[in-house]
Amino acid sequence: MPPKLNDAELREMLVTQNEYIAKLADKVDSLVSVVESLTALLANASTQNSELIAQTRVLTEQNAKLIEKSNMPPTPMTYGKPPNFSLQLVKTFNEAEQLKDKSLRAVIEFLPEAANETTTVEQDRSFVESVATAMGNSGVQFDSIKRHGNKVENRHRILKVPFDTTENRNQFIRKFRVTVNTLQNPPNVRIRRDMVQSELELLRQCRAECREKNEKADEMRFYVQDLEIKESASPKPLRRFNHA
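Position in the sequence shown (from 1) plus 1154 gives the number in my numbering.
Spelled out as structure tokens, the structure:
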């Protein structure tokens, strides 16, 4: 039988047990706090993952359409093994991350550059301001306008123009040609949206095919509009430009 305890010993044991229970309760509270934090993190990660999956799904569908338009053959089987999609998957995720930024930018091509960078920056801003003002577009982020790439002799770098919203970017592109033609001494430039690498590859294919079609027709009958070749209802005489 266990030894009998006197009142003092019982009180001491009860105090010790109460202290132990209090410490245990503190640890339980800490664990509850950790679990709540982990639950919140998992919920946030789930939301971000859902958004990334949605973006990836959109890009995958776009890539499938691009492949179909360009008549690209499917990835071949190699040595009895299924194709390795790792690189394509990485590329798809990388392009998905670029979509948001690129959806806010327009690209102006063939805009002449000045002899020095400072003058080029001033002229670029002045040109974009003139166009934006004429069409009533207040969404241009003028401080972030910049030429892309290294300067090469006898070639004009593309000019990337950022906007506050995709809607303002789209309006700028849609009204660009008509607005530029109202300016005094309008430059012979063209505009497009900023694109990911897979779209740029298809754009080059479309433009090459369009040039061939126009040369065969001996008139400007076909043109490229956002990765699609379209036929003009009023063809113009074939003109050949020597863009620097």
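All residues carry an ideal CB built from backbone N, CA and C; glycine is no exception.
Just grab the DSSP bridge partners of residue i for me.
i        : result
Val-1378 : Ile-1383
Val-1261 : Lys-1314, Arg-1346
Lys-1152 : There is no way to answer for residue 1152, as the model of the chain reaches only from 1155 to 1398.
Could you tell me if residue i is buried or exposed, where buried requires 16 or more neighbouring beta carbons within 10 angstroms of its beta carbon?
i        : result
Glu-1119 : In the structure displayed, the chain extends from 1155 to 1398; residue 1119 sits before or after that span and is not available.
Val-1306 : exposed
Asp-1348 : buried
Thr-1287 : exposed
Thr-1274 : buried
Phe-1296 : exposed
His-1310 : buried
Lys-1235 : Confidence in Lys-1235 is poor, its pLDDT being 49 and thus under 50, which makes the residue's placement unreliable; the coordinate value appears in the next sentence. By the neighbour-count rule (16 or more Cβ atoms within 10 Å), Lys-1235 is not buried but exposed.
Ala-1398 : A caution first: Ala-1398 carries a pLDDT of 42, below 50, which makes its placement in the model too unreliable to give a value.
I think residue i touches residue j, with their Cβ atoms under 8 angstroms apart; what is that distance to the nearest whole Å?
i        : j        : result
Leu-1392 : Asn-1368 : 6 angstroms
Val-1315 : Val-1334 : The pair is not a contact, with the Cβ atoms about 13 angstroms apart (cut-off 8 angstroms).
Leu-1265 : Leu-1313 : 5 angstroms
Val-1350 : Leu-1253 : 7 angstroms
Glu-1121 : Pro-1389 : Limits of the chain in this structure are 1155 at one end and 1398 at the other, which puts residue 1121 out of reach.
Gln-1277 : Ala-1269 : Not really, about 11 angstroms apart at Cβ, beyond 8 angstroms.
Beta-carbon of residue i versus every beta-carbon of chain D: anything under 9 angstroms?
i        : result
Arg-1323 : Any reference to chain D falls outside this structure, which holds one protein chain only.
Q) Unbroken alpha helix (DSSP H) runs of length 4 or more, entirely within the region 1283-1348: which are they? A) 1320-1334
Q: Kindly confirm or deny that the region 1251-1264 and the region 1317-1326 touch, where touching means at least three C-beta pairs closer than 8 angstroms.
A: yes
Q: Indicate whether the contact test is met: 3 or more Cβ pairs, each with one atom in the region 1327-1347 and one in the region 1277-1286, closer than 8 angstroms.
A: These segments touch.
Q) So, do the region 1327-1335 and the region 1354-1369 have three or more beta carbon pairs nearer to each other than 8 angstroms? A) Per the Cβ contact rule, the region 1327-1335 is not in contact with the region 1354-1369 (fewer than 3 Cβ pairs under 8 angstroms).
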